[in-house]
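Below is one structure, written out as structure tokens, with a few remarks after it.
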Amino acid sequence: MGGDIVIDYITCVVGKSDVVELAATTPLHAADAGATTKCNNWEHLVQLQGDTFLPLAAEDTGALHEEAVDLLTSAASATGGTAGERQAFLTYWRQVMAITTARGVAKVIKQRVPACTGTHWPVQPHHFQHVQDAV
0 MGGDIVIDYI TCVVGKSDVV ELAATTPLHA ADAGATTKCN NWEHLVQLQG
50 DTFLPLAAED TGALHEEAVD LLTSAASATG GTAGERQAFL TYWRQVMAIT
100 TARGVAKVIK QRVPACTGTH WPVQPHHFQH VQDAV
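Numbering (numbering that gives the first Met the number 0), first residue to last: 0 to 134.
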């Protein structure tokens, strides 16, 4: 390995139509697909610069691709310290990545929720009266 390490992070949606079938039965399938897409798009160009490309993929569930886990493990080892300190480092950074992913997913959901206005806003219990009739 020479040059710099270029890291590209992607959050992969396990319910996306092109991965959902395999993601339902294969752990980290969505993350694998996301990492592969990043590599196909950027790895060759980064290597031409003399650098190393590292795709970091996290599923919207918070699961981390093996490349991300390997990077964190390598960083924990480089910090030294006791086994307990290295484990604390790993736990902390896995939590940071999971929370960051969850916040990003929540932000996307919040931005896509239609804003209600007019007579049906604010939502009241009687607005759901028809649901009981349909059941």
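From the three backbone atoms N, C-alpha and C, an ideal C-beta is built for every residue, glycine too.
Spatial neighbours of residue 81 in its own chain (CB-CB distance under 6 Å, excluding positions within 5 residues in sequence) are not present. A distance below 8 Å between beta-carbons, with the five flanking residues on each side excluded, links residue 111 to no residue of its chain. In this structure, 71 is the residue among 71, 25, 17 with its C-alpha nearest to the C-alpha of residue 53. Runs of the alpha helix (DSSP H) lying entirely within the segment 47-115, each at least 4 residues long, are 65-78, 82-111 in chain order.
Non-local beta-carbon contacts of residue 38 in its own chain, meaning distances under 8 Å to residues more than five positions away in sequence, involve 52, 54 in chain order. Straight-line measurement puts the Cα of residue 125 at about 45 Å from the Cα of residue 91. Taken atom to atom, the span from the alpha-carbon of residue 84 to that of residue 121 is near 50 Å. In the structure shown, the three-state DSSP call for residue 7 is strand.
Residue 103 counts as exposed, since fewer than 16 other C-beta atoms from the protein chains shown sit within 10 angstroms of its C-beta.
For residue 97, the CB contacts under 6 Å within the same chain, skipping 5 residues up- and downstream, are 61 in chain order. Residues 61 of the same chain have their beta carbon placed closer than 7 Å to that of residue 101, with the five preceding and five following residues left out of the count. Taking a 10 Å sphere around the C-beta of residue 18, we find 16 or more other C-beta atoms and assign the residue as buried.
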